[in-house]
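Residue numbers (our numbering): 968 to 1209.
Below, the structure written as structure tokens:
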């Protein structure tokens, strides 16, 4: 009836999201629609109305499909944590580099302004105009990630799973999050391959359900490279749950 608050619930298929929700009266006059937590509401006018909903792809990436990491890619894309490798590709199986890794944490932090910071620029392989320059030096200032020795950062070097766990642990420490929860790394058949310096971080990441073993092998694969899909999943769970 006139004056009632009407709620529209639009449920998209997997891989899609709501594009627009419009409500119009018989004479073509638009009715104001508000959105909160995925619910769309409007106040019913005197006459009948027409409700139209459009759906659009949840990401612009053509190489994601309905894979296990779809939700994670949607999340990191919508929250500006990760972008694609091009306008239409995410490259989920591509290995993550050190430059990309610190950029993800810098994005997660909201890209804080570094203009007043004394960066020092100690890394010979990070030029001031590199796209990852601010992220690298923010990571250095916060302790999220430091160089590889000999005044280099090695921005193009791939990040192993234990290295990414250490960055994640360092970021959690910087954010003053709870670091007490741990996992049992001895349950993995390749636990002996974990570097001593990474044990604490990897145990914490495993205990919080951020980095798990491979289901098909039962291995933690600490020395294996971190893929972009894995990074998306890890950061989604970290951001939502921790």
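Even for Gly, the Cβ is constructed at its ideal location relative to N, Cα and C.
All of these numbers come straight from a predicted model, not from anything done at the bench.
query	result
Spatial distance of residue 969 from residue 1045 (CA atoms)	36 Å
Length at least 4, wholly inside the region 1077-1152: the alpha helix (DSSP H) runs in chain order	1100-1109, 1128-1141
Every unbroken alpha helix (DSSP H) inside the region 994-1063 [4 residues or more]	1037-1045
DSSP three-state assignment for residue 986, whether helix, strand or coil	strand
Per-residue burial, residue 1095 [other beta carbons within 10 Å of its own, 16 or more giving buried]	exposed
Proximity winner among 1116, 1066, 981, relative to residue 1105 (alpha-carbon distances)	1066
DSSP three-state assignment for residue 1190, whether helix, strand or coil	coil
Residue 1103 beta carbon less than 8 Å from that of residue 1120	yes
Under 8 Å between C-beta atoms of residue 1019 and residue 993	no
Inter-residue spacing [alpha-carbon to alpha-carbon] between residue 1022 and residue 989	12 Å
Buried or exposed by the 16-neighbour rule on C-beta atoms within 10 Å, applied to residue 996	exposed
Residue 972 (DSSP reduced to helix, strand or coil)	strand
CB-CB length for residue 1061 against residue 1049, believed under 8 Å	Rounded, the Cβ-Cβ distance is 12 Å, inconsistent with contact.
Whether residue 1205 touches residue 1146 by CB criterion (8 Å)	no
Boundaries (first-last residue) of the alpha helix (DSSP H) holding residue 1072	1065-1075
Inter-residue Cα distance where the pair is residue 1033 and residue 1188	25 Å
Residues bridged to residue 992 [DSSP beta-bridge criterion]	1016
Residue nearest to residue 1027 in terms of C-alpha spacing, selected from 1207, 983, 987	983
Nearest neighbour of residue 1007, chosen from 1179, 986, 1069, 1158 [CA to CA]	986
Distance, residue 976 Cα to residue 1211 Cα	This structure leaves residue 1211 out entirely; the chain is present only between 968 and 1209.
Rounded straight-line distance, which links the Cα of residue 1159 to that of residue 1041	35 Å
Check whether residue 1112 and residue 1069 have beta carbons under 8 Å apart	yes
Among 999, 1084, 1012, nearest to residue 971 - alpha-carbon criterion	1012
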